[in-house]
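Q: Here it is, the structure in full.
Residue numbers (our numbering), protein chains in the order written: chain A, 792 to 1054; chain B, 265 to 743.
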């Protein structure tokens, strides 16, 4: 939902970042306003996942230039956990397994930590159990999964649902979903997409990082950005995703190179 | 702050219990000889048979060599540079009010307000301060059901026939180098006797503490559960901070007769040396239980977080048919700590069963080894063992090893061994952070999850203490 007067949640200006000394992001510009859904697409190795992880503060990524504002404040002044508490959520492409740590304990600690920072009430284990079970119904999840270890032995689909469940619990202002559609069959994709759609509000925003148009049939973006070589080289509406699906990325990349030469 | 730095900060907390209590001590001159042993025995007014026991052990010890097989390194110990006897100046104590206030303050600093704790939690605490017991509580109440719970010195005086019958019956005086040394010079320890058919109405607890600089401590613990008796015994250990290494060589013997059940739990947090590996306790302990009777059960649970060097293999000799041995262990090493610990399950009787769950956590530059023996004797028809040895590494400079020894001499036996190694990785911590959870809490949560199966075996208040202790070792809550 585009509203030109809506509050700017995220402003990315000239963001550059390296991994192990290699520059991956070469100057990204992106503005996300409240209520918007953005899709970031692009071929393998274009820097999409790096962009997502750099915003969340993954220690392997070093920011070397540019600035990022979250609701007008310097995002990079915050530690990764402070960013999470401030409302930045990253749905992981490959959620890590944490054997021995129960999902329910993990979810509750995460929820209560964020709640207390936001000055809201924390829930005791029984209250939380009721609360989380309601959220799980929306994602068609088996309650037995609360007793399992975090992501340990989960199928690809279960892991992705667990990510969206966490998004539902934490109610982020800005959710960046990194390839949430990968590894999902059609039914799971629909469930996950419905879950995300149910969480969209006028005061939050979602950035979908994806390879394929498929997810965008279910979560309709307001903007589609094409990344290549560590930059956003083209931005359009939802129809751009359909065009990419039929024509591939090469024409966009070629067009960008030509315009770069003439400019 | 990078994750690596954060991890290093987490695991580099100073030792909380580093203080020395000033209590006048009666210390023997340094050195070990037959004269030293006669002095100890005379000071304690021991009977002749016990002096003979000590002297025999000493003579045996002289012929033995320090074991070289453990996966630990330390400078040669000068056994002549150790004082073998140190006792607080004797005072007659009628009640807790008469206990040296300084001692009580020490316990408070340790978070063990024994009077309140004992009363509130129903735990009788036999306090070992340096080597001689100075306070015993709840003895009356236990005596009503016929349980003897006292210092081993007192037991030698009051119940010599019991001590003489069982002392050295599980760990013979010449069993190994350190057991022989202990048998020669032990100064005190605990004695516990649960008579036939009695279920001990409360958990028995002893807090050990090494207090005099350079005084080796050689406790001797003997627990006997007669037919159908049962007892849960808790041993908690913390020691103040010293720069010179202190030798600690205890012997613990457990005897379970027919249908008896002994549960022995330890939380050990002795000074581990500073972050450069200077100082710390050398903990060379022999702990062994004998399931002498049919259907008897001995269960060891240990949480080892301290000491510069830990060399310890709480074991079960499963002699009685259908007897059960269990070993649940968490061993955490940090900085330059070295641990070589595990268990021995020796199956002799028919249908004997044993379970081993070992969790090793290594951080800093430490080295953590599990060493375990499962032996199934030729007559142990239908014996079963299940072993699980998991290692967790924090950081990239530490080490973990597993040395399982499996000897099966009966083809009806079933032995299973599982082992895993994992590492707290950057990606795991980042996952927690991305959900708003800081590194300290994340590490604590991962570690507690890793140790869950062992903590579940601990009595409730000990489980809380153990969780806190691992927290202290790995988090910044010390300040």
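Beta carbons: idealized from backbone N, C-alpha and C, even for Gly.
Predicted model only: the values in this text are computed from it and were never measured.
Which of the three DSSP states, helix, strand or coil, is assigned to residue 394 (chain B)?
A: Low per-residue confidence applies at residue 394 (chain B): pLDDT is 42, beneath 50, and the placement is therefore not dependable, though the value from the model is reported in the following sentence. Coil at residue 394 (chain B), not helix or strand.
Q: Can you find at least 3 beta carbon pairs, one from the region 933 to 942 of chain A and one from the region 967 to 975 of chain A, that sit closer than 8 Å?
A: no
Q: Just checking: is the beta-carbon of residue 658 (chain B) within a distance shorter than 7 Å of some beta-carbon in chain A?
A: no
Q: Tell me where the beta strand (DSSP E) around residue 1003 (chain A) begins and ends.
A: Residue 1003 (chain A) -> no beta strand (DSSP E), and no H or E assigned at all.
Q: Does residue 709 (chain B) get closer than 7 Å to chain A when you measure Cβ to Cβ?
A: Yes, residue 709 (chain B) lies at the interface with chain A (some Cβ there is under 7 Å from its Cβ).
Q: Taking the C-alpha atoms as reference points, what is the distance between residue 723 (chain B) and residue 516 (chain B)?
A: 20 Å
Q: Taking residue 700 (chain B) as the query, report the chain A residues whose CB atoms sit under 8 Å from its CB, ordered along the chain.
A: 872, 875, 876, 901, 904, 905, 908, 961
Q: My guess is that residue 294 (chain B) and residue 347 (chain B) are in contact by the Cβ rule of under 8 Å, so how many angstroms apart are they, rounded?
A: A Cβ-Cβ separation of about 5 Å places residue 294 (chain B) in contact with residue 347 (chain B) under the 8 Å criterion.
Q: Only counting runs of 3 or more residues, tell me where the beta strand (DSSP E) segments fall wholly within the region 616 to 691 of chain B, in order along the chain.
A: Taking only runs of at least 3 residues, the beta strand (DSSP E) segments lying wholly in the region 616 to 691 of chain B are 617 to 626, 631 to 640, 648 to 657, 663 to 672, 678 to 687.
Q: Which residues mark the beginning and the end of the beta strand (DSSP E) in which residue 969 (chain A) is found?
A: 965 to 969
Q: What is the rounded straight-line gap between the Cα of residue 339 (chain B) and the Cα of residue 910 (chain A)?
A: 56 Å
Q: Of the residues that make up the region 842 to 854 of chain A, which ones have a beta carbon closer than 8 Å to any beta carbon in chain B?
A: 847, 848, 849, 850, 851
Q: Just how far apart, CA to CA, sit residue 690 (chain B) and residue 656 (chain B)?
A: 14 Å
Q: Across which residues does DSSP place residue 715 (chain B) in a beta bridge pair?
A: Paired residue(s): none; residue 715 (chain B) is not in a bridge.
Q: Would you list the one or two residues that DSSP bridges to residue 882 (chain A)?
A: A:968
Q: Under 7 Å, do residue 840 (chain A) and residue 701 (chain B) count as touching if we go by C-beta distance?
A: no
Q: Using a threshold of 7 Å, state whether the C-beta atoms of residue 803 (chain A) and residue 859 (chain A) are closer than that.
A: Cβ distance < 7 Å, so residue 803 (chain A) and residue 859 (chain A) count as in contact.
Q: So with Cβ pairs under 7 Å, would you call residue 809 (chain A) a contact of chain B?
A: no
Q: Please classify residue 806 (chain A) as buried or exposed, where buried requires at least 16 neighbouring CB atoms within 10 angstroms.
A: buried
Q: Counting only beta-carbon separations shorter than 7 Å, does residue 1015 (chain A) have a partner in chain B?
A: no
Q: Could you tell me whether the Cβ of residue 821 (chain A) comes closer than 7 Å to any Cβ of chain B?
A: no
Q: Check this for me: beta carbons of residue 654 (chain B) and residue 614 (chain B), under 7 Å apart or not?
A: Contact flag unset, no.
Q: Could you tell me the distance, in whole angstroms, from the CA atom of residue 685 (chain B) to the CA atom of residue 630 (chain B)?
A: 16 Å
Q: Let me check understanding here. Comparing Cα to Cα, which of A:1027, A:978, A:1020, A:1022 lies closest to residue 1011 (chain A)?
A: A:1027
Q: Taking Cβ-Cβ distances shorter than 8 Å, what residues in chain A pair up with residue 697 (chain B)?
A: 848, 870, 871, 872, 875
Q: Here's the rule I'm using: 16 or more other beta-carbon atoms within 10 Å means buried, otherwise exposed. How should residue 863 (chain A) be labelled?
A: exposed
Q: Using alpha carbons as the reference points, say which of B:336, B:408, B:438, B:450 lies closest to residue 303 (chain B).
A: B:450
Q: For a quick check, are the C-beta atoms of residue 444 (chain B) and residue 301 (chain B) less than 7 Å apart?
A: When the beta-carbon positions are compared, residue 444 (chain B) and residue 301 (chain B) stay at least 7 Å from each other.
Q: Just grab the DSSP bridge partners of residue 547 (chain B) for me.
A: B:512, B:574
Q: I'd like to know if residue 914 (chain A) contacts chain B, where contact means its C-beta is closer than 7 Å to some C-beta of that chain.
A: no
Q: Rounding to the nearest angstrom, what Cα-Cα distance links residue 959 (chain A) and residue 1037 (chain A) in this structure?
A: 33 Å
Q: Out of A:831, A:986, A:812, point me to the one whose CA is closest to residue 954 (chain A)'s CA.
A: A:986
Q: Using beta-carbon positions only, say whether residue 415 (chain B) and residue 452 (chain B) come within less than 7 Å of one another.
A: yes
Q: Output needed for residue 330 (chain B): all residues of its chain with C-beta closer than 6 Å, excluding positions within five of it in sequence on either side, in chain order.
A: 441
Q: Taking only beta-carbon positions, decide if residue 881 (chain A) is within less than 7 Å of chain B.
A: yes
Q: What's the gap between the Cα of residue 742 (chain B) and the Cα of residue 732 (chain B)?
A: Caution is warranted here: a pLDDT of 24 is assigned to residue 742 (chain B), below 50, making its placement in the model unreliable, and no coordinate value can be reported.
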